[in-house]
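Presented below is the structure to which this report refers.
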Ligand SMILES: [Zn+2]
Ligand SMILES: [Zn+2]
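Residue numbers (the working numbering): 830 to 997.
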């Protein structure tokens, strides 16, 4: 027979003996008031699912992803304008696919580096990166006088659209 003094009781139900504790705050909880969370059992307060964690982007993360996005934009703009565009020039739709596809790639990298988060701030970060890439690309096409046409502009709009729909 268990010693009565060794029994611990639920903090909310003083008559219910329990040895279960919230995995966050160590409050004693019983079967009636515990919440099954992915990280173990929790008290009612800590078992609550945080409001839309997908949209919860911290400041540090935002700064990191902004820098990454900028760097990516600069690199990709350079690669697109100096290497890929001259090589693929003349192949129908190659530029279009590359430019539009960049919107997808950019959004995917942002998404991956933030643990699949979404939201307005990430859309802005993505647009900063994509705009950097396209500006560098346009500047390079002017400098190197590669033919730049209206379809490239269209592709840019598609690229930005892809990015927005994926990060929104
Ligand atoms: Zn708790
Ligand atoms: Zn309880």
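The beta-carbon is built from N, C-alpha and C at its ideal position, and this holds for glycine as well.
>> Excluding the 5 residues flanking residue 982 on each side, which residues of the same chain have their C-beta closer than 6 angstroms to its C-beta?
In response: On the chain shown, residue 982 is found 153 positions in, with the first residue counted as 1. Excluding residues within five positions, none has a Cβ falling inside 6 angstroms.
>> Taking the straight line between their C-alpha atoms, what separation do you get for residue 962 and residue 883?
In response: Your numbering for residue 962 matches position 133 in the chain shown. Your numbering for residue 883 matches position 54 in the chain shown. Approximately 27 angstroms, taken between the alpha carbons.
>> Quick check: is the beta carbon of residue 950 nearer than 9 angstroms to any beta carbon in chain C?
In response: In the displayed structure, chain C is absent; only one protein chain is listed.
> Expressed to the nearest angstrom, what Euclidean distance is found between the alpha-carbon atoms of residue 973 and residue 911?
Replying inline: The residue labelled residue 973 in the question sits at position 144 within the chain shown. The residue labelled residue 911 in the question sits at position 82 within the chain shown. Cα-Cα distance, rounded: 8 angstroms.
> Residue ranges of each beta strand (DSSP E) run of no fewer than 3 residues wholly in the segment 836–883, ordered along the chain?
Replying inline: 864–866 and 869–871
>> So residue 970 and residue 914 are supposed to be a Cβ contact under 8 angstroms. How far apart are they, rounded?
In response: Residue numbering aside, residue 970 sits at position 141 when the chain shown is read from its first letter. Residue numbering aside, residue 914 sits at position 85 when the chain shown is read from its first letter. Going by Cβ atoms, the distance from residue 970 to residue 914 rounds to 7 angstroms, so yes, they are a contact pair.
> According to the neighbour-count rule (16 or more other Cβ atoms, all chains shown, within 10 Å of its Cβ), is residue 916 buried or exposed?
Replying inline: Your numbering for residue 916 matches position 87 in the chain shown. So residue 916 ends up on the exposed side.
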